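There are 2 protein chains.
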Amino acid sequence: MDYYSHQLDSIFLALADPTRRAVIGRLGTGPASISDLAKPFDMALPSFMKHIRLLEETGLVETRKQGRVRTCTLEKKRFALVDGWLSAQRAIWEARTDRLEAFVTATQSKEEKSR
Amino acid sequence: MDYYSHQLDSIFLALADPTRRAVIGRLGTGPASISDLAKPFDMALPSFMKHIRLLEETGLVETRKQGRVRTCTLEKKRFALVDGWLSAQRAIWEARTDRLEAFVTATQSKEEKSR
DNA sequence: AAAACACTTAGCCATTGCGCTAACTATCAT
DNA sequence: ATGATAGTTAGCGCAATGGCTAAGTGTTTT
């Protein structure tokens, strides 16, 4: 339960930046090199690299260097943690909704049932 | 497309903190006052309040004050933005997978069924 | 061998995030 | 009216984030 906490921290933090989300979007279509990825952004390379490194540290992106080119790929499995958290929240809501529905149903069971 | 960007920034940032995620979890079971919410946390009230205010600013939580008590409720709709972004990413992956599948299918079309 | 390329390292800077204490305001209870 | 309760405001401090420039490393290309 709490094990995921730190991972969620870093994943959500990683997603909280438009540059990084854009990189993720781009990598969704397939692997790319650093400079390919950097091209669309009006940003010095070292600044851009920090984003890549952060994405790598959170496990959302994996990189491999061959020769002088570093190729980045998206680690899609990693998004399961986000999904997991979201659906856990929804499960909580549903549980409450069920209780509420039970209450509402019980309360109005004297008069109506349609709709 | 880009209009949502800032909202996603702030939502993901809001989710990138364990205290705030815990608050969200708690509010998932129903509304609560500030001090009720704060109880489980070993943190000064003003510090805790900052989290609440941030959650409110991002629209994930709504608050209303009656008398001296401020009641917080979860704005569940807000999570749709996260869902939306996630499924947009998945759509990108699928598109690529489709292309890849088309390729694989075409390549091995001598032996296998159509699609 | 020299030049171009693709990063990489180091270090600076401004802003923001997240915690604190101290002191204040506005109810509500007695 | 006193005092407890529930927030609120103001301001401090430290670490992390997100940008930059300048200079360096290791690979390819010519």
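Protein chains in written order, with this note's numbering: chain A, 7 to 121; chain B, 7 to 121.
Cβ coordinates follow ideal geometry from the N, Cα and C atoms, glycine included.
Source: prediction; values computed, not measured.
Is the region 38-53 of chain A in contact with the region 53-61 of chain B, if contact means three or more CB pairs nearer than 8 Å?
-> no
C-alpha distance - Arg74(B) paired with Asp23(B), whole-angstrom precision | 27 Å
What does Ser41(A) reach in chain B if we use C-beta pairs closer than 8 Å?
-> Residues of chain B passing the Cβ test: none, with the nearest at roughly 21 Å.
C-beta atoms of Val88(B) and Ile17(B) nearer than 8 Å = yes
Which runs of the beta strand (DSSP E) fall wholly inside the region 48-72 of chain A and span at least 3 residues, in chain order?
-> 67-72
Taking only the alpha-carbon atoms, compute the straight-line gap between Val29(A) and Thr77(B) and give it to the nearest angstrom.
-> 39 Å
In chain A, which residues lie less than 7 Å from Ser11(B) when you measure between Cβ atoms?
-> Pro24
Given that Leu21(B) touches chain A, what residues does it touch there, using C-beta distances under 7 Å?
-> Phe18
Is any beta-carbon of chain B found at less than 8 Å from that of Gln72(A)?
-> no
Under the rule that 16 or more other beta-carbon atoms within 10 Å means buried, what is Ala20(A), buried or exposed?
-> buried
Report the rounded CA-to-CA distance for Ile40(A) versus Phe85(A), giving the unit in angstroms.
-> 22 Å
Within 10 angstroms of its Cβ, does Leu51(B) collect 16 or more other Cβ (buried), or is it exposed?
-> exposed
Under 8 Å from the C-beta of Asp125(A): neighbouring residues of chain B = Given that chain A is displayed from residue 7 to residue 121, the structure contains no residue 125(A) and the question cannot be resolved.
If contact means a Cβ-Cβ distance below 7 Å, which residues of the region 52-83 of chain B contact chain A?
-> Lys82
Who pairs with Ser39(B) in a beta bridge, going by DSSP?
-> Thr77(B)
As assigned by DSSP and simplified to three states, the class of Thr25(B) = helix
Taking the alpha carbon of Ala38(A) as the point to measure from, which residue in Ser93(A), Thr79(A), Glu100(A), Ile98(A) has its own alpha carbon closest?
-> Thr79(A)
Cβ-Cβ separation, Thr69(A) to Ile98(B) (assumed contact under 8 Å), whole Å | That belief does not hold up - the Cβ atoms of Ile98(B) and Thr69(A) are roughly 19 Å apart, past 8 Å.
Neighbour flag for Asp15(A) against chain B, beta carbons, 8 Å = yes
Checking contacts by CB at 8 Å: is Phe47(B) closer than that to chain A?
-> no
Could you give the DSSP three-state label for Lys45(A): helix, strand or coil?
-> coil
Are the C-beta atoms of Ser115(B) and some chain A residue less than 8 Å apart?
-> For Ser115(B), the predicted model reports a pLDDT of 43, less than 50, meaning its position is unreliable; a value from the coordinates is still stated below. For Ser115(B), the answer is no, since every Cβ of chain A falls outside 8 Å of its Cβ.
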